[in-house]
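*Asks:* Supplied in structure tokens, the structure appears directly below.
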Amino acid sequence: MQVGTLSVRGLTKVFETKDGPVTAVDDVNLEVASGEFFSLLGPSGCGKTTTLRMIAGLETSTSGTIAFGGRDLAPLPSASRNLGMVFQSYALFPHLTVLENAAYGLRVRRTPSVKVKERVVHLLELLGLGGLHGRYPSDLSGGQQQRVSIARALAYEPDMFLLDEPLANLDAKLRVQMREEIRRIQKELGVLALYVTHDQEEAMSVSDRIGVFRLGKLMQVGAPTEIYRNPTTLFVADFIGKINFFPAASAGKGDVTLGSGWSVRPGSRHPLSAAEAAGFGVTSDAVVAVRPEHLAIERHPAEDGIPGRVRRRLFLGSTTRYFVTCDASLKEVIVETPRPIEGVGEGDGVTLSFDPSDGIAYVGSESP
Amino acid sequence: MGARRVLRDPFPILVGVITAAVLGILLIYPIGKALLSSFVPQGEALALKNLSLVNFQRFVTSPLYKSALVNSILVSLATTFFATILALPAAYAMARIKIPLKSLAMSLSVIPLIAPPFIGAYSWVLLLGRRGIVTVFLQENLGITLPSIFGPFGIILALSLSYFPFVFLIVQGALAAADPYIEESAAIAGARRWRILRTITFPLVAPSIASGALVVFIRALGNVGVPSVLGGDFYVLPTLILFQVEGFFNLNGAAAIAVVNVLLVLVFLLFMRRFSGKKRYVTLTGTTQRSKQNDSLGARVFGNVYVWGLLAFALVPQAMVVFSSFAERWAGTLLPTSYGLANYRLILGNVLEPIFNSVWLAGVATLLALAFGTVTAYVSLRRRFPGKWLLDLTIMLPFVLPGIVTGVAYLTTFNSGPIVLTGTSALLVFGYFVRRLAYAFRSVSASIGQVDPQLEEASIICGASWGGTMRKVTLPLIAPGMLAGAILVFSTLIGELSVTIMLFSGKTKTVSIAIFEYLTSHRIAPASAMGTVVIVITLLLVLLASRLTGKSMADMFK
Ligand SMILES: Nc1ncnc2c1ncn2[C@@H]1O[C@H](COP(=O)(O)OP(=O)(O)OP(=O)(O)O)[C@@H](O)[C@H]1O
Ligand SMILES: [Mg+2]
């Protein structure tokens, strides 16, 4: 394994289709440090797979450069890039045993047989496949097949470890278990990992950093906490976790006034593009976003706050969730509290409030 | 993800050039040259100044040509009609009615396709001829006189019973695959059974019926064996071609008849496009839910009687061939008077060489078709390149060309000009190769289609070259499919007649020619012994292929 940084510059892919050109990936720039676990996250069709396939050399790029450790990958075919890849369908060779599947890359590299055996047996042990060496893929469970494909990808110590929705075919419980295992083994080997997923919870839980994609564009790159706490666009705010949007008017000096007349100075502030505002049905010149757990709910009317009415209360065990209809919000407001609030029931009029420093303001460009 | 295009990849270009050369020389050139020579009078050189319509004028001036044309149209249409009519109730019954031993019935239904029809054709003379078993029985007991078996009646009967499985298999498959909920929702909407059949089921499978009927029509139009055995002085286009070639070595005239033959196919193709040109309706479901089987007593009685009755009827020719091969003395009596192996002893001295010829000619052609079919199928499925539609179209061309046409095209083309192959084994090998290339291509395509392209990508990502990936991943996975395809091609070439009869020479006499010569000279005993050998060999080969792929025999012919 070679240590190095992956550097992607201006990567673009345009597919020529019958209905004209489709821009699947649009000017993507990325730096991924060696040993880092980096996720490409976004809704279906946003270009994650295409990006990964271009890095793997399975797809040509329309423009842009991909370099690893300072070396341009463009002249190298897939086979020479020394990558490990896990496919969503696992793509195990059905005619080879578990051992031979895992040993495939080493055999291709003409590694001495003794070393192959040693390395593969060790890796299979690490992945909990100790007793299954002689089995064929068709005789394995989904989770076991997944582990074999991980072993196959890592056996020859690749420079990068690429995974395209590797958990999509597993059931919910196994998904949680496998993602922990993937991260554990990645950290143990110290290999740079690129992980494609459309599941934001999965990305948040395993990644060192996440890149959020939308329509082929990379919207924001950051650590999970940063992306959650400080999303720079309405799209990222909405896509990662739950969030409430309150239309507002900007009142100068960093203050914004909510629809209920409450004036606050939010903790962070980002520009709001006209296109994005239109996409979310925002007609005001600013929006304040607040996470459900940052909202407080009170039975009594208060001067500073947002009035509403509880439509539904859901007791979820570790938290309680309230759905509150509210004139001053774009949609029904979600409030999440650690425990049920005494005396607040369905149909009750309530006042919502939050610590202004937890609010994120998105302000249109024409306002000050 | 369709695009697996890697730039600087010379493979598709290389394959493209080889493919174009092979198809150009072995398919396009002969068809083109035959077409050209049909416009040149016999004995004249192939040159622009010699072009004339004189060969085609005979379809207006000569009563023999005129009647052959009319007869061909009549026989092909009637065969298509009866084969379809026979097949539809059976297909419906197999898909919708409870019938015991269904898979046996499916396997039996492909036997008429495996055994060359002309081998069984003479059986109808033994049964329905002037002194045939059935004729005599009907006349003596019921006073019924049957029309003469020699002529249209016999030909249409033999061809319909040989070719109905084409319609049966495809329609049965479509019915079995159709979403059962469609018919059920019609029933829930209040439609009665006949109404559902007419307004839902039939339109659903109409495109399948059309494509099955098309195959039957092309086969019937191109079949030379059955009308040679049962025609007497009733000529159809293929026997007229044979007559022109064997009687006068009139290649230009034969080419003109072949062109008319192809024109008929094209007209029928265009006509059928009205049914199958529309989008395919059959909705394949992912559910394992099978359509509900009708198990009312009436339906079951009808279904069982019809299906087993039809199969028994269709297998009569093959059964008769085997039966008469054991008849030692059978003259002037209703049934043979003594049984034994005398016929086999009789052919022993003569059977080895034709069988040897058939096996090696078919074997070489099969290997060529397989190698070429595999490479082209791989490129066609896995790579994108300009002109791909042209490759797919060209390679499938032999499917719509009647066999006799390929034979005539080869005979006219390689008899003179830059490449002369007349009388050589190469001529037959290439003819067989072109004739069966589409089958090899199709069966290998099906196997490659089953291999997830991500397996190849996974191998390449692991560092393997393209060649290494082919050797270690793709080929091992498609090998069983390739083998089955090869066996299928080989076994259908063993009894091939319509190309062989145009191209064989003294050195390259095959079993099909040997049987054909016995039959046309009315030496039934050795013909049936040799026919039995061919039927048994091909049947065993197909069974073997079915075992190897785990596919049922019926599935292999779909
Ligand atoms: N071979 C192709 N030809 C044409 N368009 C393509 C091709 N491959 C992908 N696309 C288009 O490119 C866009 C991005 O596709 P991609 O597969 O990268 O999305 P994705 O983010 O991986 O989505 P998913 O989560 O559904 O897998 C889509 O609009 C898709 O339709
Ligand atoms: Mg994808």
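The listed protein sequences derive, respectively, from chains A and B.
Read in this note's numbering, the first sequence has 291 at position 290, and its numbers run on one by one without any break.
Read in this note's numbering, the second sequence has 218 at position 145, and its numbers run on one by one without any break.
Think of the CB as a built atom: it goes at the ideal place given N, C-alpha and C, for glycine as much as any other residue.
In this text, all values refer to a predicted model and were calculated from it rather than measured experimentally.
1) Would DSSP call B:Q362 helix, strand or coil?
2) So what's A:A34 in DSSP terms, helix, strand or just coil?
3) Hey, is A:K218 close to ligand 1, as in C-beta under 7 Å from one of its heavy atoms?
4) Quick check: what's the CA-CA separation for B:P225 versus B:L466?
5) Given this structure, state the Cα-to-Cα distance separating A:T233 from B:Q527, to the nearest angstrom.
6) Is it the case that the Cβ atoms of A:E37 and A:L193 are separated by a distance below 8 Å?
7) Strictly under 8 Å for the Cβ-Cβ distance: is B:L550 near chain A by that measure?
8) Measuring alpha carbon to alpha carbon, tell me which of B:A231, B:I172 and B:L201 ends up nearest B:L186.
9) With distance defined between alpha-carbon atoms, name the residue in B:L199, B:L109, B:V207 and B:V481 nearest to B:R508.
10) Going by DSSP, what residues sit across from A:S251 in a beta bridge?
11) Could you have a look at A:A297 and say whether DSSP puts it in helix, strand or coil?
12) By DSSP, does A:H123 sit in helix, in strand, or in coil?
13) When the Cα of B:I228 is compared with those of B:I184, B:L443 and B:F307, which residue comes out closest?
14) Would you mind telling me which residues of chain A sit closer than 7 Å to B:V546, beta carbon to beta carbon, in chain order?
15) Hey, quick one: how far does the alpha helix (DSSP H) through A:Y196 stretch, first residue to last?
16) For B:L550 versus B:F506, is the C-beta distance shorter than 8 Å?
17) Starting from the C-beta of B:I314, find all residues in its chain whose C-beta is less than 7 Å away, skip the five residues before and the five after it, and write them out in chain order.
18) Using the three-state DSSP reduction, which class does A:G377 fall into: helix, strand or coil?
19) Taking 7 Å as the line, does the beta carbon of B:F547 fall inside it for any heavy atom of ligand 1?
20) Is A:R310 helix, strand or coil by DSSP?
21) Given B:Y236, which residues of its chain have a CB within under 7 Å of its CB, disregarding the five upstream and five downstream residues?
22) Are the C-beta atoms of A:M161 and some chain B residue less than 8 Å apart?
23) For B:S411, tell me which candidate among B:E401, B:L470, B:Y417 and B:I420 has the shortest Cα-Cα distance.
24) So with CB distances below 7 Å, who are the chain A contacts of B:Q527?
25) With distances taken from each beta carbon to the nearest heavy atom of ligand 2, which residues come in below 7 Å, in chain order?
26) Rounded to whole angstroms, what's the CA-CA distance from A:A362 to A:I244? Just pull it up for me.
27) Would you say the segment 386-399 of chain B touches the segment 598-606 of chain B, given that touching needs at least three Cβ pairs under 8 Å?
28) Just checking: is the beta-carbon of A:V26 within a distance shorter than 8 Å of some beta-carbon in chain B?
29) What does A:K218 pair with, by DSSP beta-bridge criteria?
30) If you scan the segment 36-108 of chain A from start to end, which runs of the alpha helix (DSSP H) of 4 or more residues do you find wholly inside it?
31) Report, in whole angstroms, the separation of the C-beta atoms of A:M421 and A:L84, which I expect to be a contact under 8 Å.
32) If you measure from the beta carbon of A:Y323 to each beta carbon in chain B, is any gap under 8 Å?
33) Counting only Cβ pairs nearer than 7 Å, list the residues of chain A close to B:S538.
34) Starting from A:R111, follow the alpha helix (DSSP H) in both directions and report where the run begins and ends.
35) Identify which residue in B:S196, B:G371, B:L494 and B:L556 has its Cα closest to the Cα of B:A444.
36) Compute the Euclidean distance between the alpha carbons of A:Y323 and A:D27, then round it to the nearest angstrom.
*Replies:* On the basis of the coordinates in this document:
1) In the second sequence, residue 362 of chain B corresponds to position 289, counting from 1. Residue placement at B:Q362 is flagged as unreliable, the pLDDT there being 46, under the threshold of 50; the coordinate-derived value follows with that caveat. Looking at B:Q362 - three-state DSSP - the assignment turns out to be coil, as it is neither helix nor strand.
2) In the first sequence, residue 34 of chain A corresponds to position 33, counting from 1. Reduced to three states, the DSSP call for A:A34 is coil.
3) As a first step, residue 218 of chain A is located in the first sequence; it is residue number 217 there, counting from the start. False, no ligand heavy atom lies under 7 Å from that Cβ.
4) Taking the second sequence and counting its residues from 1, the one referred to as residue 225 of chain B is at position 152. Taking the second sequence and counting its residues from 1, the one referred to as residue 466 of chain B is at position 393. In this model, B:P225 and B:L466 are separated by some 34 Å (Cα to Cα).
5) Counting from one through the first sequence, the residue named residue 233 of chain A turns up at place 232. Counting from one through the second sequence, the residue named residue 527 of chain B turns up at place 454. In a straight line, the C-alpha of A:T233 is about 37 Å away from that of B:Q527.
6) As a first step, residue 37 of chain A must be located in the first sequence, where it is residue number 36. As a first step, residue 193 of chain A must be located in the first sequence, where it is residue number 192. The beta carbons of A:E37 and A:L193 sit closer together than 8 Å.
7) Reading the second sequence from its first residue, position 477 is the one you call residue 550 of chain B. Contacts with chain A at 8 Å (Cβ-Cβ) include B:L550.
8) Counting from 1 along the second sequence, the entry for residue 186 of chain B is found at position 113. That would be B:A231, whose Cα lies nearest to the Cα of B:L186.
9) The residue you call residue 508 of chain B lines up with position 435 of the second sequence. It is B:V481 whose Cα lies nearest to the Cα of B:R508.
10) Along the first sequence, read from residue 1 onward, the residue named residue 251 of chain A stands at position 250. Looking at the DSSP assignment, A:S251 forms a beta bridge with A:V257.
11) Against the first sequence, residue 297 of chain A aligns to sequence position 296. In this structure, A:A297 counts as strand in the three-state DSSP scheme.
12) Within the first sequence, numbered from 1, the residue matching residue 123 of chain A stands at position 122. Three-state DSSP puts A:H123 in a helix.
13) Locating residue 228 of chain B in the second sequence gives position 155, where the first residue counts as 1. If we check each option's Cα against that of B:I228, B:F307 comes out closest.
14) What you label residue 546 of chain B is simply residue 473 of the second sequence in a count that begins at 1. What B:V546 touches in chain A: F94.
15) By 1-based counting over the first sequence, the position of residue 196 of chain A is 195. In the DSSP assignment, A:Y196 falls outside any alpha helix (DSSP H) and within the unbroken beta strand (DSSP E) covering L193 to T198.
16) Looking up residue 550 of chain B in the second sequence gives position 477. Looking up residue 506 of chain B in the second sequence gives position 433. Going by C-beta atoms, B:L550 is not nearer than 8 Å to B:F506.
17) In the second sequence, counting from the first residue as 1, residue 314 of chain B sits at position 241. Taking B:I314 as the centre and dropping the five residues before and after it, the same chain places the C-beta of A327, I330, A331, I477 and V481 closer than 7 Å to its C-beta, in chain order.
18) Missing from the structure shown is residue 377 of chain A; chain A here goes from 2 to 369 and no further.
19) Residue mapping note: residue 547 of chain B aligns to position 474 of the second sequence, counting from 1. Inspection of the sequence shows that residue 547 of chain B is occupied by Thr rather than by Phe. Between ligand 1 and B:T547, a heavy atom-to-CB distance of less than 7 Å is absent.
20) Along the first sequence, one-based indexing puts residue 310 of chain A at 309. Strand at A:R310.
21) By 1-based counting over the second sequence, the position of residue 236 of chain B is 163. Closer than 7 Å at Cβ, skipping near neighbours: T152, A156, V289, R292 and A293.
22) For the purposes of this step, residue 161 of chain A is taken as residue 160 along the first sequence, with counting starting at 1. By this cut-off, A:M161 is not an interface position.
23) Mapped onto the second sequence, residue 411 of chain B falls at position 338. The shortest Cα separation from B:S411 among B:E401, B:L470, B:Y417 and B:I420 belongs to B:E401.
24) Here residue 527 of chain B is taken as the residue at index 454 of the second sequence, counted from 1. Within chain A, the residues near B:Q527 are F88, S90 and A92.
25) Each of A:K49, A:T50, A:D165, A:E166 and A:V197 has a C-beta closer than 7 Å to some heavy atom of ligand 2; these make up the full list, in chain order.
26) Locating residue 362 of chain A in the first sequence gives position 361, counting from the first residue. Locating residue 244 of chain A in the first sequence gives position 243, counting from the first residue. Roughly 13 Å between the two C-alpha positions.
27) Yes: the two stretches touch, three or more of their Cβ pairs being nearer than 8 Å.
28) Within the first sequence, numbered from 1, the residue matching residue 26 of chain A stands at position 25. A:V26 has a beta carbon lying at 8 Å or more from every beta carbon in chain B.
29) Locating residue 218 of chain A in the first sequence gives position 217, counting from the first residue. Beta-bridge pairing links A:K218 to A:R215.
30) DSSP runs (the alpha helix (DSSP H)) wholly in the segment 36-108 of chain A: 49-57.
31) This structure cannot speak to residue 421 of chain A, because chain A is shown only from 2 to 369.
32) By one-based count along the first sequence, residue 323 of chain A stands at place 322. Closer than 8 Å to the CB of A:Y323 there is not a single CB belonging to chain B.
33) Here residue 538 of chain B is taken as the residue at index 465 of the second sequence, counted from 1. From the beta-carbon of B:S538, the residues of chain A found nearer than 7 Å are A80.
34) Position 110 of the first sequence holds residue 111 of chain A. Taken as a continuous stretch (DSSP letters only), A:R111 belongs to no alpha helix (DSSP H), as it is neither H nor E.
35) Position 371 of the second sequence holds residue 444 of chain B. If we check each option's Cα against that of B:A444, B:L556 comes out closest.
36) Indexing the first sequence from 1 puts residue 323 of chain A at position 322. Indexing the first sequence from 1 puts residue 27 of chain A at position 26. Using only the alpha carbons, I get a separation of about 39 Å.
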